[in-house]
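Beneath this line is the structure, given in structure tokens, with notes to follow.
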Amino acid sequence: MSLTVVGSIAFDAVKTPFGERERMLGGAAVHFSLAASFFTEVRPVGPVGEDFGPEQFEVLEGRGVVTDDIERVAGKSFFWRGHYEFDLNVAHTDDTQLGVFESFEPKLSAAAEAADTVFLANIQPDLQRRVRGRCAAASLTGLDSMNFWIESARDSLLAAIAEV
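The sequence shown begins at 137 in the numbering used here and counts up one residue at a time.
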């Protein structure tokens, strides 16, 4: 099985009633890649800024994640800050800074385009649609989103969902 995930590669700051962490490795493509790496080779596609260092790449590569399609771009990486209530199913976004993600145009290698499984992680819905169109070999496609896109690009998101 070949698996490509296109989405956010980010830093997160999270506060819960049980603790708080600043600038930890996050983003939908990262979480998905780390989880999927237990079962297959994963190829994440997404931009990172100059603040994304070797230690972040080591986390991914240490799990066997193929990082060839992660693009380093001048600027800052995507950043999300949020907090959770005592019921950890209730999350609140306090800050979203798109950084290099704001002008992200996915550059998929031939291997990424040829994947038989594609996960369209948290990215702008029009990008999700374009990536899906380029991955014609995929027999299975999943899609993720977040409140930011639901609120700012609802019509595009509904169109992307309809194509999955």
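Here a beta-carbon is modelled for each residue, glycine too, at the ideal position from N, C-alpha and C.
The structure displayed is predicted, hence computed values, not measured ones.
Here's the rule: buried if 16 or more other CB atoms are within 10 angstroms of the residue's CB, otherwise exposed. What is residue i?
{"i": "Arg257", "result": "Looking at the sequence provided, one finds Ala at residue 257 rather than Arg. Under this definition Ala257 is a buried residue."}
{"i": "Arg265", "result": "buried"}
{"i": "Thr176", "result": "exposed"}
{"i": "Pro153", "result": "exposed"}
{"i": "Gly163", "result": "buried"}
Please list the terminal residues of the continuous alpha helix (DSSP H) segment that includes residue i.
{"i": "Val226", "result": "Per DSSP, Val226 belongs to no alpha helix (DSSP H) and is neither H nor E."}
{"i": "Glu194", "result": "Pro190 to Gly198"}
{"i": "Phe284", "result": "Asn283 to Ser288"}
{"i": "Leu161", "result": "That residue, Leu161, is in no alpha helix (DSSP H); its beta strand (DSSP E) goes Gly155 to Gly162."}
{"i": "Ala246", "result": "Ala246 to Glu249"}
Hey, quick one: how far does the beta strand (DSSP E) through residue i stretch, first residue to last?
{"i": "Arg217", "result": "Phe214 to Tyr220"}
{"i": "Pro180", "result": "Val178 to Val184"}
{"i": "Leu234", "result": "From DSSP, Leu234 is part of no beta strand (DSSP E); its letter is neither H nor E."}
{"i": "Val254", "result": "Thr253 to Leu256"}
{"i": "Val267", "result": "Here Val267 belongs to no beta strand (DSSP E); instead the alpha helix (DSSP H) covers Pro261 to Arg270."}
{"i": "Lys151", "result": "Ala146 to Thr152"}
{"i": "Val202", "result": "Val202 -> no beta strand (DSSP E), and no H or E assigned at all."}
Among the candidates the options, whose CA atom is the shortest distance from the CA of residue i?
{"i": "Gln260", "options": "Ala272, Ser239 and Cys271", "result": "Ser239"}
{"i": "Phe168", "options": "Arg159, Phe188 and Leu196", "result": "Leu196"}
{"i": "Ala289", "options": "Glu299, Ala274 and Leu263", "result": "Leu263"}
{"i": "Asp187", "options": "Tyr220, Glu299, Glu249 and Glu207", "result": "Glu207"}
{"i": "Tyr220", "options": "Gly155, Ile145 and Gly198", "result": "Gly155"}
Within the same chain, show all residues whose beta-carbon is closer than 8 Å to that of residue i, passing over the 5 residues directly before and after it, in chain order.
{"i": "Thr229", "result": "Trp216, Arg217, Gly218, Met282, Asn283 and Phe284"}
In its own chain, which residues sit with a C-beta less than 7 Å from the C-beta of residue i, not counting the 5 before and 5 after it?
{"i": "Thr232", "result": "Trp216 and Phe284"}
{"i": "Pro190", "result": "none"}
{"i": "Gly185", "result": "Val209, Gly211, Lys212, Ser213, Gly235 and Val236"}
{"i": "Ala172", "result": "Leu139 and Val178"}
{"i": "Phe193", "result": "Thr203"}
{"i": "Asp291", "result": "none"}
Assuming residue i and residue j are in contact, meaning their beta carbons sit under 8 Å apart, how far apart are those beta carbons, in whole angstroms?
{"i": "Val181", "j": "Asp205", "result": "4 Å"}
{"i": "Arg179", "j": "Ala272", "result": "Not quite, the Cβ-Cβ distance comes to about 16 Å (not below 8 Å), so this is no contact."}
{"i": "Val150", "j": "Arg157", "result": "5 Å"}
{"i": "Ala296", "j": "Leu279", "result": "6 Å"}
{"i": "Arg268", "j": "Leu244", "result": "Actually they are not in contact, since the Cβ atoms of Arg268 and Leu244 sit about 11 Å apart, beyond 8 Å."}
Which residues in the same chain have their Cβ closer than 6 Å to the Cβ of residue i, if we skip the five residues on either side of it in sequence?
{"i": "Gly200", "result": "Ser173"}
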